[in-house]
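Asker:
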Amino acid sequence: MDILEKLFEHHFRLSPEATEPLQGNLGGSGRIIVRLTRGPLRAIGVLHSVREENIAFLEFSRHFRRHGLPVPEIYVDDLSRGAYLEEDLGDTTLFEFLSSNRAGDAIAPAAIEAYRKVVAALPRFQIEAGRDLNYRLCYPRAKFDRQ
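Residues in the sequence shown are numbered consecutively from 0, following numbering that gives the first Met the number 0.
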């Protein structure tokens, strides 16, 4: 965890005051996910030992961001230690937001608008950003197939 605190200090020029584990439904594949804060400064820190997966995530995130797509900014990374910091977008996942704005068949206008934004963004990820995406970085496979 020290490496995440060092990355926070490197990026913000201040050490974090608090570190809060965020595993819950957010973690997966052996990742350690934490929120680091100091006053209004916040970042999500990730520790993950699979280098190829980290490279794919970081490069794809940066690529999508260069294309103006709505993904968290990658602040800083240390691939040799399997660590990186990214922008903290808050506590609510899209799934939680959509679920809380739906009751049976009734969908709140805010959820309908969120669905529209997501569906509108998908072709930009797949087509616009997909044109020059380095698919060789995909992990664990470079393409989807029957397996």
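Where is the CB? At the ideal position from N, CA and C, for every residue including glycine.
1) Under the three-state reduction of DSSP, which class applies to residue 13: helix, strand or coil?
2) Can you tell me whether residue 104 is helix, strand or coil according to DSSP?
3) Using only alpha-carbon positions, find the residue among 68, 55, 64, 88 that is nearest to residue 44.
4) Tell whether a beta-carbon distance below 8 Å holds between residue 7 and residue 42.
5) For residue 18, write down the residues that DSSP places opposite it in a beta bridge.
6) Which whole-angstrom value is the C-beta distance of residue 120 and residue 68, which I expect to be below 8 Å?
7) Give the list of continuous beta strand (DSSP E) stretches no shorter than 3 residues that lie fully inside the stretch 57-82.
8) When DSSP labels each residue in this structure, what does residue 132 get in the three-state scheme?
9) Taking Cβ positions, are residue 3 and residue 33 nearer each other than 8 Å?
10) Less than 8 Å between the C-beta atoms of residue 208 and residue 86, yes or no?
11) Under a Cβ-count criterion, where at least 16 other Cβ atoms within 10 Å of its own Cβ denotes burial, should residue 128 be classed as buried or exposed?
12) Mind checking residue 82: buried by the 16 CB within 10 Å criterion, or exposed?
13) Grab the span of the beta strand (DSSP E) containing residue 46 for me, first residue to last.
Answerer: Based on what the coordinates show:
1) coil
2) coil
3) 88
4) yes
5) 35
6) 7 Å
7) 73-77
8) coil
9) yes
10) The chain is shown only over 0 to 146; residue 208 falls outside these bounds and no answer can be derived.
11) buried
12) buried
13) 40-46
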